[in-house]
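If you use the numbering used here, the sequence shown corresponds to residues 27 to 189, in order. The beta carbon of each residue, even a glycine, is placed where N, CA and C say it ideally should be.
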Amino acid sequence: PAPGARAGVGRPLCGLSSNVWNTKNNGDCSANLAYLKSLGLAGAGDILCKEYGGHNDPCTIDINNDKGFGLGKSPAECGSSAAPRVFFLWDEPSTHRHRPTHHCSLHGTGGRPRCSVWAASTWRRYADRWSAELALARRRGMRVTSPRFHGGFMMKHFEEFFA
């Protein structure tokens, strides 16, 4: 493929993260993408945008901004014919491990699962619940990200998530 292109995708991909708390909790993706398009930049319509959950963001399930970790959000609500569809899983489950929900522990201590193990089992529950909607969305071109892991044990987190 051409530099910057990924095999099987057919065009280079670019993305940005937006702030869910701006514009009265409606997110900034629409405004940011409209601004980039107004500049006349080639490919601005293909840019992917990630918000951070909440009731106005159907394409992200978030630990902090969604009730019940976002497990009640239907993937069928994500995307439109005007924008690429990407369904974003939790942003850095391990960074939220100190919150009152105590859903996971970075190293699996305190009787809680490691965050990567928590994310894998929680994703399985989500995928089981929404299997028909996920299958239809995938046939329509929606892609799903992994959770965002970081730090010195990043590869171990990915291995555990995809095990």
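Could you tell me which residues DSSP puts in a beta bridge with residue 117? Counting from one through the sequence shown, the residue named residue 117 turns up at place 91. For residue 117, which the question treats as bridged, DSSP gives the partners 174.
Classify residue 80: buried if its beta carbon has 16 or more other beta carbons within 10 angstroms, exposed otherwise. The residue labelled residue 80 in the question sits at position 54 within the sequence shown. By the 10 Å Cβ count, residue 80 comes out buried.
Can you tell me where the alpha helix (DSSP H) with residue 64 in it begins and where it stops? As a working note, residue 64 is residue 38 in the sequence shown. Note, residue 64: alpha helix (DSSP H), 55-64.
When DSSP builds the beta bridges, which residues end up paired with residue 75? Within the sequence shown, the letter at position 49 stands for residue 75. Note: residue 75 sits in a beta bridge opposite 42.
Reducing DSSP to helix, strand and coil, say where residue 148 ends up. Taking the first residue of the sequence shown as 1, we reach residue 148 at position 122. In this structure, residue 148 counts as helix in the three-state DSSP scheme.
Applying the 10 Å Cβ sphere with the 16-neighbour rule, what's the burial state of residue 167? Here residue 167 refers to the residue found at position 141 when the sequence shown is read from its first residue. Result: exposed.
Below 8 Å on the Cβ atoms is my contact criterion, and I expect residue 117 with residue 88 to pass it. Report the Cβ-Cβ distance as a whole number of Å. To locate residue 117, count along the sequence shown from 1; it is residue 91. To locate residue 88, count along the sequence shown from 1; it is residue 62. Cβ atoms of residue 117 and residue 88 come within 8 Å of each other, at about 7 Å.
Backbone CA spacing between residue 27 and residue 65 [nearest angstrom]: The residue labelled residue 27 in the question sits at position 1 within the sequence shown. The residue labelled residue 65 in the question sits at position 39 within the sequence shown. Confidence at residue 27 is low in this model, with a pLDDT of 40, below 50, so the placement of that residue should be treated as unreliable; the coordinate-derived value is given next. So the two alpha carbons sit approximately 27 Å from each other.
CB-CB under 8 Å to residue 186, same chain, minus the five flanking residues each way: which ones, in chain order? For the purposes of this step, residue 186 is identified with residue 160 of the sequence shown, where counting begins at 1. Only 140, 142, 143 and 146 meet the Cβ criterion.
Report buried or exposed for residue 78, applying the criterion of at least 16 other Cβ atoms within 10 angstroms of its Cβ. Taking the sequence shown and counting its residues from 1, one reaches residue 78 at position 52. Buried is the call here.
If contacts are defined as beta-carbon pairs under 8 Å, then residue 115 and residue 157 qualify, I think. What distance do you get, rounded to the angstrom? To locate residue 115, count along the sequence shown from 1; it is residue 89. To locate residue 157, count along the sequence shown from 1; it is residue 131. Not confirmed; about 16 Å, so no contact.
Take residue 29 and list the residues in its own chain whose beta-carbon comes closer than 6 Å to its own, dropping the five residues that flank it on each side. Looking up residue 29 in the sequence shown gives position 3. Low confidence applies here, because residue 29 scores a pLDDT of 44, under 50, leaving its location unreliable; read the following figure in that light. Contacts found: none.
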